[in-house]
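Heads up, the sequence shown is in this note's numbering, so the first residue is 112 and it goes up one at a time.
For glycine and all other residues, C-beta sits at the position ideal for the given N, C-alpha and C.
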Amino acid sequence: MKIYCTFVVRIIKEDMLYAVQYVNKETDCFQECFDKWNDIVYLEEFFENNKSDLSMKIEDAICKTLYEAAQLENKILDCISGLSNQTLDNYIFLPLHKNDDYDIPLLQSKAYGKHKGKSFLRLYAIRLKDGCYLITGGALKLTATMQERQHTQEELEKLKQISNILRKKDIFDSFDIGILIPE
């Protein structure tokens with residue numbers, strides 16, 4: 112699967128949280144995820160197309176997603192605005208792979224919805240070495256691994272490609288990422 116990443120970076124909160132905006136999209140991926148997760152028509156179609164992976168009724172999955180999307184977005188916004196005494200590390204984002212730690216440059220990370228481990232919602236991001244995060248996308252994950260479904264495989268591929276692009280351009284922190292932010 113080839114996904115060619117052409118993107119710019121949007122600031123969610125300077126020196127804390129950034130999001131990729133792919134050139135073929137109108138909004139950054141942070142906004143796009145929450146727009147989709149709050150769109151009942153989108154959710155109904157998604158869960159209908161993936162009902163073999165669903166362990167509950169479609170209506171219940173929609174309600175759960177709407178609730179958790181609001182909770183996750185508020186949790187992130189509270190964290191970056193200083194309304195919470197928590198940080199993005201550990202409270203919001205965790206390493207994508209179990210054996211990874213925060214010392215890895217350009218660490219692939221994930222954020223769950225409200226019920227850690229039981230939530231469908233995932234935001235995917237790259238942790239920069241100064242503790243800032245660059246969100247690369249998100250998904251409704253209904254299976255145990257990302258490799259089981261195309262839409263989550265694509266998110267994993269975007270994480271890898273953007274990590275590689277950052278590495279090739281020697282972009283490792285929020286200062287360096289400034290070259291990807293349009294004026």
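Straight-line Cα distance separating residue j from residue i
i: Asn-275; j: Lys-175; result: 35 angstroms
i: Tyr-202; j: Ile-191; result: 11 angstroms
i: Leu-165; j: Trp-148; result: 16 angstroms
i: Ser-220; j: Leu-267; result: 10 angstroms
i: Gln-264; j: Asp-212; result: 22 angstroms
i: Gly-249; j: Cys-144; result: 6 angstroms
i: Val-134; j: His-208; result: 28 angstroms
i: Met-112; j: Met-257; result: Confidence in Met-112 is poor, its pLDDT being 45 and thus under 50, which makes the residue's placement unreliable; the coordinate value appears in the next sentence. Cα-Cα distance, rounded: 14 angstroms.
Terminal residues of the beta strand (DSSP E) in which residue i lies
i: Val-131; result: 128-133
i: Ile-123; result: 118-124
i: Phe-204; result: 204-206
Bridge-paired residues (DSSP) for residue i
i: Tyr-223; result: Arg-233
i: Tyr-244; result: Leu-128 and Arg-238
i: Ala-249; result: With the sequence shown as reference, residue 249 is identified as Gly, and Ala is not the correct amino acid for it. In the DSSP output, where bridge partners are listed per residue, Gly-249 has Leu-234.
Cβ-Cβ separation, residue j to residue i (assumed contact under 8 angstroms), whole Å
i: Tyr-223; j: Leu-217; result: 21 angstroms between Cβ atoms; not a contact.
i: Leu-154; j: Ile-123; result: In fact, because the Cβ distance is near 23 angstroms, the residues do not count as touching under 8 angstroms.
i: Leu-239; j: Ser-285; result: 6 angstroms
i: Phe-204; j: Ala-236; result: 6 angstroms
Sequence-distant residues of its chain with Cβ nearer than 8 angstroms to residue i (five each side left out)
i: Gln-132; result: Phe-118, Val-119, Val-120, Arg-121, Thr-138, Asp-139 and Cys-140
i: Ala-181; result: Asn-149
Sequence-distant residues of its chain with Cβ nearer than 7 angstroms to residue i (five each side left out)
i: Phe-127; result: Just to set this straight, residue 127 is Met in the shown sequence, not Phe. For Met-127, where only same-chain residues beyond five positions count, the Cβ hits under 7 angstroms are Ile-191, Leu-199 and Cys-243.
i: Lys-252; result: Phe-231, Arg-233 and Thr-263
N- and C-terminal bounds of the alpha helix (DSSP H) containing residue i
i: Leu-217; result: Segment: none, Leu-217 is in no alpha helix (DSSP H) and carries neither H nor E.
i: Gln-272; result: 261-279
Contacts around residue i, its chain only, beta-carbon distance under 6 angstroms, and the 5 residues preceding and following it disregarded
i: Glu-184; result: Phe-145
i: Asp-287; result: none
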